[in-house]
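Be aware that the sequence shown starts at 1, since it is given in full-length UniProt numbering, and climbs by one per residue.
Idealized CB from N, CA, C, for every residue including glycine.
Bear in mind that the values here come from a model prediction, so they are computed numbers and not experimental data.
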Amino acid sequence: MKEDGMLKIVVPASTANLGPGFDSIGLAVSRYLTLEVRLADEWKFIPRSPEVEAIPPGTDNLIYQVAAQVAQTYGRTLPSCAVDVYSDIPFTRGLGSSAAAVVAGIELANELAGLSLTLEQKMRLASCYEGHPDNVGASLYGGLVIGSHRQEETNIVHVPNVQFDLVAVIPSYELETKKARSVLPQLLAREEAVEASAVSNVLVAALLTKNWELAGKMMAADLFHQPYRKELVPQLSLVETLAARYGAFGAALSGAGPTVLAFAEPGKGESLKEKLLPHFPDCAVESLKVAQKGSQVYKLALEK
1 MKEDGMLKIV VPASTANLGP GFDSIGLAVS RYLTLEVRLA DEWKFIPRSP EVEAIPPGTD
61 NLIYQVAAQV AQTYGRTLPS CAVDVYSDIP FTRGLGSSAA AVVAGIELAN ELAGLSLTLE
121 QKMRLASCYE GHPDNVGASL YGGLVIGSHR QEETNIVHVP NVQFDLVAVI PSYELETKKA
181 RSVLPQLLAR EEAVEASAVS NVLVAALLTK NWELAGKMMA ADLFHQPYRK ELVPQLSLVE
241 TLAARYGAFG AALSGAGPTV LAFAEPGKGE SLKEKLLPHF PDCAVESLKV AQKGSQVYKL
301 ALEK
């Protein structure tokens, strides 16, 4: 990066699982983490919006830690930078705030260290850091992703131009992924595992063929995580009931929660939002779109 230049990195938020697509299906959504990066004497991260007020200001910041690890992997070092951080992605609410930070860190290292990483290399790095490919895949690619992350490799199928509306019911409380995972069973009986896998397979097929009604049925038929997490997120059962009443084709916990998403056919999201609003006075109820573009990097000249 030139001394008189600036990098701008924009990364979309994401939702994961979509019901039975546990740790394997991700969807980019229209909330964003934005970094404005310029060379400086030392690393500092400056919060520029309320959602990121509490971020660590120095090298203990997750974005820096990911960037430094990536650079080290390729035998490079990073120049010190000042980073203005903007975000409207709520923390620990199931909309991929940490995954967006991981992707931003990889993009930052790629630019500062001149790594010229491919999208597939970025995906592998991000999945190894996160442990699963759904949120980071959606933030990198945009649109819908179906992924498999294994010890030997990470595989992604990217489905662009997926079109439907989403309404997010965002509770005021936080839910850490670690706690949400702690309520899940360690083992499933073979018969239940086969049924759960079949439900997930049909969800993917329904999404790809735009059979929204069937996709909604499969979201509700999840056996991997939602039945166990309902005790932590009381809003889930209510959204499922109301979504069906008000014309949504499905509802699902967003990632590990506590955000719950209702899915509607294109053009029906605003009406659905207005109908859901009165039922959730203690939650934010907001319309979202599918973010068609994944992470973007812009090189800008600093104003003089």
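Contact under 8 Å by Cβ, residue i with residue j
| i | j | result |
| --- | --- | --- |
| Arg48 | Tyr86 | yes |
| Gly142 | Gly255 | no |
| Thr154 | Met123 | yes |
| Phe91 | Ile63 | no |
| Phe138 | Ala28 | Correcting the residue identity first, residue 138 is Ala in this sequence and not Phe. A contact, by the Cβ cut-off of 8 Å. |
| residue 328 | Ala196 | Only positions 1 to 304 of the chain appear in the structure, and residue 328 is not among them; the question remains open. |
| Ala104 | Arg76 | no |
| Gly250 | Met219 | yes |
| Val233 | Leu253 | yes |
| Thr15 | Gly147 | no |
| Arg236 | His279 | For the sequence presented, residue 236 should be read as Leu rather than Arg. In this structure, His279 does not lie closer than 8 Å to Leu236 by Cβ. |
| Leu276 | Ala291 | no |
CA nearest to the CA of residue i, picked from the options
| i | options | result |
| --- | --- | --- |
| Lys299 | Gly26, Leu35, Leu27 and Val29 | Leu35 |
| Leu224 | Thr15, Trp212, Ala13 and Phe22 | Residue identity check: residue 224 is Phe in the sequence provided, not Leu. Of the candidates Thr15, Trp212, Ala13 and Phe22, the one whose C-alpha sits nearest the C-alpha of Phe224 is Phe22. |
| Asn161 | Ala301, Gly5, Asn17 and Lys289 | Lys289 |
| Gly269 | Leu166, Tyr32 and Pro20 | Leu166 |
| Val70 | Pro133, Ala180, Lys179 and Gln121 | Gln121 |
Straight-line gap, residue i to residue j (C-alpha atoms, nearest Å)
| i | j | result |
| --- | --- | --- |
| Cys128 | Asp60 | 20 Å |
| Ala193 | Gly58 | 44 Å |
| Leu108 | Ala67 | 6 Å |
| Thr209 | Ile106 | 33 Å |
| Val204 | Ala168 | 21 Å |
| residue 328 | Ala206 | Nothing about residue 328 can be read from this structure; the chain reaches only from 1 to 304. |
| Arg260 | Ala99 | Contrary to the premise, residue 260 reads as Val rather than Arg in this sequence. Near 18 Å, if we compare the C-alpha coordinates of Ala99 and Val260. |
| Glu42 | Asp84 | 14 Å |
Simplified DSSP state of residue i, which is helix, strand or coil
| i | result |
| --- | --- |
| Arg38 | strand |
| Arg31 | strand |
| Gln296 | strand |
| Asn211 | coil |
| Tyr173 | coil |
| Gly257 | coil |
| Leu166 | strand |
| Ile46 | strand |
| Asp84 | strand |
| Ile146 | strand |
| Ser139 | helix |
| Glu152 | coil |
| Lys275 | helix |
Original post:
Can you find at least 3 beta carbon pairs, one from the segment 7-16 and one from the segment 179-194, that sit closer than 8 Å?
Top reply: no
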